[in-house]
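**Q** Residue numbers (our numbering), protein chains in the order written: chain P, -16 to 359; chain U, -16 to 359; chain W, 5 to 330; chain C, 5 to 330. Handing you a structure now.
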Amino acid sequence: MPRKKIELRNTIESLSILDADGKVDKKLEPKLSNDEILSLFRGMLLARRYDERMLRLQRQGRIGTYGPALGQEAASLGPAFAITKDDWFVPSFREPAGMLWRGWPMARLMLWWGGNEIGATPPEELNDMPICVPVSSQIQYGAGIAWGLKLDGNKSVALTFVGDGGTSEGDFHEGVNCAAVFNLPMVIVVQNNQWAISLPRRKQTASETIAQKALAYGMNGIQADGNDILAMIAATREAVDRARSGGGPTLIEAVTYRLGVHTTADDPKKYRTEEEVEAWRCKDPLDRFWKYVQDKGVLNEKSREAMEEEIAAEISAAVEKSETYQADIMEPFDHCFETMTPALKRQRAEFEAYLLNGGSNGSPHAASSSAISQVH
Amino acid sequence: MPRKKIELRNTIESLSILDADGKVDKKLEPKLSNDEILSLFRGMLLARRYDERMLRLQRQGRIGTYGPALGQEAASLGPAFAITKDDWFVPSFREPAGMLWRGWPMARLMLWWGGNEIGATPPEELNDMPICVPVSSQIQYGAGIAWGLKLDGNKSVALTFVGDGGTSEGDFHEGVNCAAVFNLPMVIVVQNNQWAISLPRRKQTASETIAQKALAYGMNGIQADGNDILAMIAATREAVDRARSGGGPTLIEAVTYRLGVHTTADDPKKYRTEEEVEAWRCKDPLDRFWKYVQDKGVLNEKSREAMEEEIAAEISAAVEKSETYQADIMEPFDHCFETMTPALKRQRAEFEAYLLNGGSNGSPHAASSSAISQVH
Amino acid sequence: MAMLTMAKALNLALKEALQEDEKSIILGQDVGYDEGVFRITEGLLKEFGEQRVVDFPVAESAIVGMAVGLCIAGYRPIAEMQFSGFGYHGFHQVESHVSRLRNRTRGRFTCPMVIRMPYGGGIRAIEHHSESREAIWAHLPGLKVVIPSGPRNARALLRASILDPDPVMFYEPKASYRAFREEVPDEPETMEIGKAQVVREGNDATIISYGASMRPVLEAAEELEEDHNVDVEVIDLLSLVPLDRETINASIRKTGRCVVVHEAPRHCGPAAEIIAGIVEDSMLYLEAPVERVTGYDLVLPFFNNELPYMPDVKKVVSATRKVLSF
Amino acid sequence: MAMLTMAKALNLALKEALQEDEKSIILGQDVGYDEGVFRITEGLLKEFGEQRVVDFPVAESAIVGMAVGLCIAGYRPIAEMQFSGFGYHGFHQVESHVSRLRNRTRGRFTCPMVIRMPYGGGIRAIEHHSESREAIWAHLPGLKVVIPSGPRNARALLRASILDPDPVMFYEPKASYRAFREEVPDEPETMEIGKAQVVREGNDATIISYGASMRPVLEAAEELEEDHNVDVEVIDLLSLVPLDRETINASIRKTGRCVVVHEAPRHCGPAAEIIAGIVEDSMLYLEAPVERVTGYDLVLPFFNNELPYMPDVKKVVSATRKVLSF
Ligand SMILES: Cc1ncc(C[n+]2csc(CCOP(=O)(O)OP(=O)(O)O)c2C)c(N)n1
Ligand SMILES: Cc1ncc(C[n+]2csc(CCOP(=O)(O)OP(=O)(O)O)c2C)c(N)n1
Ligand SMILES: [Mg+2]
Ligand SMILES: [Mg+2]
């Protein structure tokens, strides 16, 4: 036939298991033990309370600009839960839930937002990358890690996150295309939280879904309810199993919503309505899972209270730990190269002389606070 | 339904009208007058003979490295035919057929390959861009031109070319995505000639077709037989009509083949078989259209002979014109900025003194010829 | 005359451009409804609409590359990179097309565009939001590189950059956006691009700087006068390309001593070019080696440690005293 | 010992790397079946297979970015940009990750990778295939920038770069790939990165250069001796980062006169840094301003006009005579 429809290998599906009212699709429900359900709930709650505390710390001037992930807890925790320690976790910057689950010391995350490289230093035992700031650039090293894993032949996968805005970057395209070409064990979760700072999803790309972008790469893609931790677990498990068995990468669109500010420097009232936010608040992943947890009899109001207290104490301890951290002001010279170059040795000596001579030791900042409050 | 297939707005079709045996699908055949058929054939023949002559000139050392488009004549001529003078023609580097059709003086194209900026200077009356070297970077200015046309409200379109290899670049993704978001009057023709230097199409991307990449951007896409000038005309007309009426951009995959070398510095024997090339030679767009032209009674062997002679003379005249061109050695200083900076004035004086002092006037090159023969 | 911050002054220049030339168009991430993450485009979407002030997807290469196309189509784009730390994503488009289009087409097509980007440290921002890499653009032939230091010159230079027939990389010292106010005339004002300003006259030494570093430099100049009875001349370059060697050399020939100050890393940084130019033109007048007070050849530390790694008053004072005591 | 071209010498170093370290991996466009557009990777796919020598899609940012990931996973990638003129497409990945990963993670992750790219003019190549922009990398903290000039040092330096625990931008002077042969030892040989070589001793003036420009420089040195009885010292830098200021200064203190030669544009180019360093360390020894023989601040013309725009023997000779007659 001279003009005919081309049938594609892959189709794009949408997946939802636990809906906003707490109703569960029994057929699709992933099998979880009560312990697992408990710890998943704790993980979500911990991330939520962490975010809330960080917002307060920012207002008190105790950390810098902060970018919360309020409302997106399920979208990073579900996937993190669905992989093993041996797998790699490659975050963007909206995955505190996943990072804490993986074992990042909370104090380190706090130190990142407090302006310390130690916060970007993954503990030795974690196969984790730190927060990544240049949007979508992490896709590339995510793909590169997956490549390494494939070369190693060790069946691990690289779970990599990016935002809806990030899908417009060239880096997204190049990395995902290459992951498909090389058939890499990579799972890409796009946290489609409907906004990229002030740009709504529909102005970011004209495609109906983000998931269908997988078709451009001839790979698997699925749209999952990102506020439904069960759907996120199921979608990721499916993708991870496929990747482990040589089936290549998968693109998972997690449909979610950024309930809070982009960062504390942002004022969402400029670009979105309170009604829109309210509508999404009803789909809060934590509330939804809380119903599920209660239905399963894993927790009740009272035992949750205890959990809340425990979490509050954990967070306070992390705050204290982070606030007693003392950065070594000379350290940057040690980490530019393995061996300091002559130029750096000279500059280090110059810097040392400056400090000895009473130079600034880092506090307090000179810039006006009005400038600070406008920074992303 | 908690797990369901997502139906997409767009589907991808394939289109072929004039097949390799010269059979025509009458239903789809675009209406062309005999004059149009004649000039289209002349355009294809001219491009073919131009390429052949350029290859000879290169072997004789009269131009630099040359990148022929042998076998891809229909894929750029068809689209060029389907737009008007007011529309913009934004080539990559495999569109001599389209460029000559648009009205580029052949001598200028020769001068481009002879190493002169005049060859990159579109004549004042053409809405054309010159040859673009950084793969896919032209997609961006193509989209920007389309944006300007839309702002002007003047119904023109920007026809932009790229190769199959070019679709892997971040620039392709960013430009096409933005064209779709802004609903720009742009037609993107991907000349899928199966190879990007030595990389075969299947290692460039894992998608079954290039056309389906349109789905990632929520826009129209079609796969056309790029060796079938009728299909290329029909596909482009459809896309152009849609763009003019506000329907946004279209991605056209022209399935074609590079019958010759990537450039004269390339040795395709290193990476592809003679059988493969032979198989595609049977699909030669010129031979195929020649049958059509004869069937239509527009030309016969004899009148074609006359045309061949006329073309040979035209090309010889262009060679002569290009070889008598004298570049102004001082000119580069005039075209860096509208007004020369003090630094450049100073450097210009320095350069003048050097020339007066007997400095090189440009000939001959010092590099060893063995180095030259290895350059892409 | 109104007392404006640099943020407001830049906003004024943008507004004037949109008013005066219907072909001018602003594009960038969050420049429309959000009015820019630093509010530099405040009120512009409201006044000029979505066609003229365009919120762009997160795609820097396309911002630059499509701006090239807009230029070809006869428009005058004013593009914003949200932070200079993300301008690199468009580097290849700048190198391949923005800086070359005029030359390649022998003037048939040109790029009368401005690429604005906030740069520099000192505002407690997260990684990638504090660097100074102006030298990489200054090295590319075909670009102008303009860097204002205060509200008044920011407005006048942005206006001049927009009117310029060639592409201008416009680096905005974000730490100065709201740090102080200056009188800015109500009437449109331009400054010639490529002319440095002697912002303080003196005879003992010349301090050359630009952008955000002008503040510690001027403070240092006062401290030097008050505490050390040293009378320094201060030059605000205002642009790195063209570089005003005439003004620099006139001053060096007077003072014979020089300190160059910038936040950018030292190696192959702007100070090196300034020193090379001084050597070429005025070596015999130099009475001491030129001192460089610059960023070290390190990535600027995360913000908790960044301040000591930046030029400050103390460093400028001691470098100046060093060139004086040579 | 064998007499090899630089192309063959580089090929040898790559082969050694693949043989000695199973974690080494070569990636780039057309490096496999095509054996590289300059045949630098000749025979490697055949010997080491598709897993070790990887033909990559046309996506420079991914070549760089995925190489970062390979490093994190414990591999040692040797990436090729087909031409330095397309390396810009990966600039943001280099700036954001390659050059910073060690610092950001306090050494938990590092980037022991090499990015090779052919650079420079003079081979009648089309647009974008002839530039010299090494300065933009040299300005980024965290990168080493190595540029060999002949077969023997090319092999030894590439080997050293591959073994280096930090990222190296390895600029290959393509005009020298097959221009001449040198004895190259059969046994693996390395050179310390960051050490310049005095390739000709002399007392009257110092000519500093690197890469492709070494050829006209050495020819000029001979001409100066024969025709003008001038005895110049010639320094081959071999790397821009680290820059061997010790060797430079020792020579300047001896000769008092200096010419710096490179193809890169002048403004903010490598010569500026070299001159600034000389001023800082040895100003009082300078008996004449340092001359720069460099590319002009223009895009290199298309090849028909490029030669006069590049440094050549005549320019080096006349600049040297100028510093001598000052
Ligand atoms: C390359 C790059 N460009 C711009 C920015 C500034 N920026 C930070 S977050 C952001 C929006 C990202 O949107 P999205 O990917 O949807 O992630 P979200 O913030 O919604 O989680 C932008 C533009 C950046 N960090 N990196
Ligand atoms: C950004 C960039 N990277 C690399 C190159 C070198 N190069 C020239 S053509 C080519 C292959 C392009 O393949 P394709 O897009 O399929 O076009 P074709 O040559 O097949 O027409 C490459 C890699 C380039 N010109 N630009
Ligand atoms: Mg988002
Ligand atoms: Mg191709």
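Glycine is no exception: its CB is placed at the ideal position from the N, C-alpha and C atoms.
#1: Is residue 157/U near ligand 2, with its Cβ less than 7 Å from a heavy atom?
#2: Residues of chain C with a CB under 8 Å from the CB of residue 126/P: which are they?
#3: Where does residue 165/P land, buried or exposed, given buried means 16+ other C-beta within 10 angstroms?
#4: List, from N- to C-terminal side, the alpha helix (DSSP H) runs of 4 residues or more that fit wholly inside the region 8 to 46 of chain P.
#5: Using a strict less-than 6 Å threshold between each residue's beta carbon and the heavy atoms of ligand 3, what residues do you get?
#6: Reducing DSSP to helix, strand and coil, say where residue 223/C ends up.
#7: Between residue 118/U and chain C, is any beta-carbon pair separated by less than 8 Å?
#8: For a test of your reading of the model: does the CB of residue 117/U fall under 7 Å from any non-hydrogen atom of ligand 2? Yes or no.
#9: Can the beta-carbon of residue 243/P be found closer than 8 Å to that of residue 53/P?
#10: Going by beta-carbon coordinates alone, are residue 146/P and residue 174/P separated by less than 8 Å?
#11: At the level of alpha carbons, what is the spacing between residue 284/P and residue 241/P?
#12: With the cut-off set at 8 Å, would you say residue 126/P and residue 161/P are in Cβ contact?
#13: Which stretch, first to last residue, makes up the alpha helix (DSSP H) that contains residue 87/P?
#14: Can you tell me whether DSSP reads residue 266/C as helix, strand or coil?
#15: Can you give me the start and stop residues for the beta strand (DSSP E) that residue 175/U sits inside?
#16: What residues from the region 108 to 120 of chain W come within 9 Å of chain P, judged by C-beta to C-beta, listed N to C?
#17: Can you tell me which of the three DSSP states residue 350/U falls into?
#18: Hey, is residue 165/U close to ligand 2, as in C-beta under 7 Å from one of its heavy atoms?
#19: Nearest to residue 14/P by CA position, among 67/P, 216/P, 327/P and 235/P, is which residue?
#20: Starting from the Cα of residue 60/P, find the closest Cα among 303/P, 19/P, 191/P and 37/P and give me that residue.
#21: Would you mind working out which of 81/U, 8/U and 158/U sits nearest residue 189/P, comparing C-alpha positions?
#22: Verify whether the separation of the beta carbon atoms of residue 182/W and residue 14/W is less than 8 Å.
#23: Where does residue 111/P fall in DSSP's three states?
#24: Ligand 2 and residue 95/C: does the residue's C-beta get closer than 7 Å to at least one heavy atom of that ligand?
#25: Given a limit of 8 Å on CB to CB distance, which residues of the region 291 to 325 of chain W reach chain P?
#26: Take every Cβ of the region 176 to 190 of chain P, pair it with every Cβ of the region 87 to 99 of chain W, and state whether three or more of those distances are shorter than 8 Å.
#27: Could you pull the DSSP bridge partners for residue 28/W from this structure?
#28: From this set, 9/W, 314/W and 209/W, which residue's C-alpha is nearest residue 291/W's C-alpha?
#29: Say whether chain C places a C-beta atom closer than 8 Å to the C-beta of residue 252/U.
#30: Tell me whether the beta-carbon of residue 27/P lies closer than 8 Å to the beta-carbon of residue 56/P.
#31: Taking the beta carbon of residue 388/U as the centre, do at least 16 other beta carbons fall within 10 Å, making it buried, or is it exposed?
#32: Distance check for residue 16/C and residue 23/C, CA to CA, integer angstroms please.
#33: In chain order, what are the residue ranges of uninterrupted beta strand (DSSP E) at least 3 long that sit wholly in the region 182 to 232 of chain W?
#34: Strictly below 9 Å CB to CB, what residues from chain C border residue 187/U?
#35: Near residue 305/C, what residues of its chain come up, given a Cβ to Cβ distance below 8 Å and the 5 sequence neighbours on each side ignored?
#36: Residue 298/C: which of 288/C, 258/C, 71/C and 264/C sits nearest, CA to CA?
**A** Taking the coordinates as given:
#1: For residue 157/U, the distance from the CB to the nearest heavy atom of ligand 2 is not below 7 Å.
#2: Going along chain C in sequence order, the residues near residue 126/P (Cβ under 8 Å) are 66, 69, 70 and 73.
#3: The residue is buried, with at least 16 neighbouring Cβ atoms inside 10 Å.
#4: Counting only runs of at least 4 residues, the region 8 to 46 of chain P fully encloses the following alpha helix (DSSP H) elements, listed from N- to C-terminal order: 17 to 42.
#5: Having a Cβ closer than 6 Å to some heavy atom of ligand 3 are 146/P, 147/P, 148/P, 176/P, 178/P and 179/P.
#6: It is helical.
#7: Any Cβ of chain C closer than 8 Å to the Cβ of residue 118/U would place that residue at the interface, and such an atom is present.
#8: Because some heavy atom of ligand 2 lies under 7 Å away, the Cβ of residue 117/U counts as near it: yes.
#9: Residue 243/P is a Cβ neighbour of residue 53/P, given a cutoff of 8 Å.
#10: Between residue 146/P and residue 174/P, the C-beta spacing is below 8 Å.
#11: So the two alpha carbons sit approximately 27 Å from each other.
#12: Taking the C-beta atoms as reference points, residue 161/P is found nearer than 8 Å to residue 126/P.
#13: Run containing residue 87/P: none; DSSP gives neither H nor E here.
#14: Here residue 266/C sits in strand by DSSP.
#15: Per DSSP, residue 175/U belongs to the beta strand (DSSP E) from 169 to 175.
#16: Those would be none; no residue qualifies.
#17: Confidence in residue 350/U is poor, its pLDDT being 40 and thus under 50, which makes the residue's placement unreliable; the coordinate value appears in the next sentence. Residue state, collapsed to three classes: coil.
#18: The answer is no for residue 165/U.
#19: For residue 14/P, the nearest C-alpha among the options comes from 216/P.
#20: The shortest Cα separation from residue 60/P among 303/P, 19/P, 191/P and 37/P belongs to 19/P.
#21: It is 158/U whose Cα lies nearest to the Cα of residue 189/P.
#22: No, these two residues do not count as a Cβ contact at 8 Å.
#23: Residue state, collapsed to three classes: strand.
#24: At a cut-off of 7 Å, the beta-carbon of residue 95/C does not count as near ligand 2: no heavy atom of the ligand is closer than that.
#25: Hits within the stretch, in order: 300, 301, 302, 303, 305, 306, 307, 308, 309, 310, 311, 312, 313, 316, 318, 319 and 322.
#26: With a cut-off of 8 Å, the region 87 to 99 of chain W and the region 176 to 190 of chain P do not count as touching, because too few Cβ pairs lie within range.
#27: Answer is 80/W.
#28: The candidate whose alpha carbon is nearest that of residue 291/W is 209/W.
#29: It does not; no Cβ of chain C falls within 8 Å.
#30: Taking C-beta atoms as the reference points, residue 27/P and residue 56/P count as a pair closer than 8 Å.
#31: As displayed, chain U neither begins before -16 nor continues past 359, which places residue 388/U out of reach and without an answer.
#32: Approximately 10 Å between the Cα atoms of the pair.
#33: You should have 186 to 188, 201 to 204 and 209 to 213.
#34: Chain C residues near residue 187/U: 61 and 62.
#35: Around residue 305/C: 313.
#36: It is 264/C whose Cα lies nearest to the Cα of residue 298/C.
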